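Each protein sequence line maps, in turn, to chains P and S.
Note that the first sequence covers residues 362 to 504 in the numbering used here.
Note that the second sequence covers residues 94 to 174 in the numbering used here.
Note that beta-carbon positions come from the ideal geometry of N, C-alpha and C, so glycine has one too.
Keep in mind the model is a prediction, meaning the values are calculated, not measured.
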Amino acid sequence: MSVSVQAEDFDVGAEMAALTSGRADIGALVSFTGLVREMAGGNEMVLEHYPGMTEKALEAIEAEARGRWELQDCRIIHRYGPLEAGAQIVFVLTASPHRQAAFEAAEFIMDFLKSRAPFWKKEAGGGWVDAREADEAALGRWC
Amino acid sequence: MQVLYFAWLRERVGLPREEVETSAATVAELVEELKARGERYAVAFKDMAAVRVAVDQELTELGASIKGAREVAFFPPMTGG
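Structure, rendered in structure tokens:
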């Protein structure tokens, strides 16, 4: 299990290398990196979170993914604090013997992060980003 | 117990957290007590369809028990990822 909630940026290549280093049993490694898109109200946003609950929620999502798919390893990183457009905000890495499990588990984890992990985005213009119905609907296919 | 507020709930209440003495049995009863404290709380909890709650850091419903809880948190729908 490996979950990080951090203000600092992360290095995608280093994360992938760390997970695969010294092993040859992994057949599929899927990574997803979420970036901050340009916004109408300015190019910076602040990501607030709930320290304590955030880590627990991410660990629970990872445990659920491991229960559903044959994962050899998994890594989730989510940033908080001020973030500029173009910055990396979230990272999911899944490893499995075959690609289908790695692809599906990564998608499952992202769908749950979107609306079940306690983060809230506020744009520099002053407005809180509303939850999207499409994100809530995306959870439906996993239930 | 500690009551925590996040995002626009924190802004509307004007506090990130506070210690609350309560005899409320459920989250919904606690919300009614908080709303009676004043205008800022009444505004923050005006539309409960837009409020989510966690008891001891577990997401739950308004009808949930808060007996023995150490921490109750209120926040808008989450926007992670």
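Q | Assigned secondary structure, P/Ser365 (DSSP; H/G/I helix, E/B strand, else coil) | A | Here residue 365 of chain P refers to the residue found at position 4 when the first sequence is read from its first residue. In this structure, P/Ser365 counts as strand in the three-state DSSP scheme.
Q: Please list the partners that P/Val490 has in chain S, where partner means a Cβ-to-Cβ separation under 8 angstroms.
A: Residue numbering aside, residue 490 of chain P sits at position 129 when the first sequence is read from its first letter. Near P/Val490 (Cβ distances below 8 angstroms), the residues of chain S are Thr172.
(Q) So, for S/Arg103: in the same chain, excluding its five sequence neighbours on each side, which residues have a beta-carbon less than 6 angstroms away from its beta-carbon? (A) Numbered from 1 along the second sequence, position 10 holds the residue referred to as residue 103 of chain S. For S/Arg103, where only same-chain residues beyond five positions count, the Cβ hits under 6 angstroms are Pro109.
Q: Rounded to whole angstroms, what's the CA-CA distance from P/Ser382 to P/Leu474? Just pull it up for me.
A: Indexing the first sequence from 1 puts residue 382 of chain P at position 21. Indexing the first sequence from 1 puts residue 474 of chain P at position 113. So the two alpha carbons sit approximately 27 angstroms from each other.
Q) Can you pull the DSSP bridge partners for P/Cys506? A) Residue 506 of chain P cannot be examined here, being either before or after the span of chain P that is shown, 362 to 504.
Q: Kindly list, in the order they appear in chain S, the residues whose Cβ is closer than 9 angstroms to that of P/Val397.
A: The count along the first sequence starts at 1 and reaches residue 397 of chain P at position 36. By Cβ distance, chain S contributes nothing, its closest Cβ being about 11 angstroms from P/Val397, past 9 angstroms.
Q: Ignore the nearest five residues each way along the sequence and tell me which others in P/Pro458's own chain have a CB closer than 8 angstroms to its CB.
A: Position 97 of the first sequence holds residue 458 of chain P. Same-chain partners within the cutoff: Asp386, Ile387, Gly388, Ala389, Glu431, Gln433.
Q. Can you name, in chain order, every residue of its own chain whose Cβ lies under 8 angstroms from the Cβ of P/Met414, other than the five neighbours on each side?
A. If you number the first sequence from 1, residue 414 of chain P lands on position 53. For P/Met414, where only same-chain residues beyond five positions count, the Cβ hits under 8 angstroms are Pro479.
Q) Relative to the alpha-carbon of S/Met94, which residue among S/Trp101, S/Val106, S/Ala117 has its alpha-carbon at the smallest distance? A) As a working mapping, residue 94 of chain S is identified with position 1 in the second sequence. Of the listed residues, the one whose Cα sits closest to S/Met94 is S/Ala117.
Q) If you draw a straight line from the alpha carbon of P/Val373 to that of S/Ala100, how long is it in whole angstroms? A) The sequence position of residue 373 of chain P within the first sequence is 12, counting from 1. The sequence position of residue 100 of chain S within the second sequence is 7, counting from 1. Those two C-alpha atoms are separated by around 29 angstroms.
Q | Between the CA atoms of P/Arg384 and S/Glu111 - distance to the nearest angstrom | A | Along the second sequence, one-based indexing puts residue 111 of chain S at 18. Along the first sequence, one-based indexing puts residue 384 of chain P at 23. Distance between the alpha carbons of S/Glu111 and P/Arg384: 49 angstroms.
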